[in-house]
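In the numbering used here, the protein residues as written are 392 to 525.
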């Protein structure tokens, strides 16, 4: 697949320290991958790392990476992330994990973080959905 042309759109750069661009202009992609909410689940759908939000975040990122790989894409193809958490303060304590991961992959997708009262699986503290384009 050809690489799609993208251009970050940032009125200012404050968001860079948080690991995202405020906007991302993407030319018409030849492939669009919508990634359903991924969480800290194993291949059988069982929750792992109950009570360990940083480990849940790390596994969630690994699960997204697996979907990307199966589609022939990488983190640099991500054009949007939506992060849902049951505890914003706890997520922010582990947020460096996400920022370091994205920066290490050369990605800075526009991102939204939302605190919710609960997630689908009891004990799950984070889930992330994404949009990728090539």
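The C-beta atom is built at its ideal place from N, Cα and C for all residues, glycine as well.
- A straight line joining the alpha-carbon of residue 458 with that of residue 433 spans about 13 Å.
- The closest CA to that of residue 500, considering only 479, 468 and 444, is found on 468.
- Boundaries of the alpha helix (DSSP H) harbouring residue 481: 479–495, taken from the DSSP string.
- Pairing residue 448 with residue 488 gives a Cβ-Cβ distance under 7 Å.
- Shown here for residue 414: same chain residues with a beta carbon closer than 8 Å to its own, the five before and five after excluded, namely 399, 400, 401 and 501 in chain order.
- In the DSSP secondary-structure assignment, residue 474 is bridged to 504 and 519.
- Annotation for residue 429: the continuous beta strand (DSSP E) segment containing it runs 423–429.
- By the Cβ test, the segment 474–488 is in contact with the segment 515–523, since at least three Cβ pairs between them sit closer than 8 Å.
- Counting other Cβ atoms within 10 Å of its Cβ, residue 453 stays below 16 and is therefore classed as exposed.
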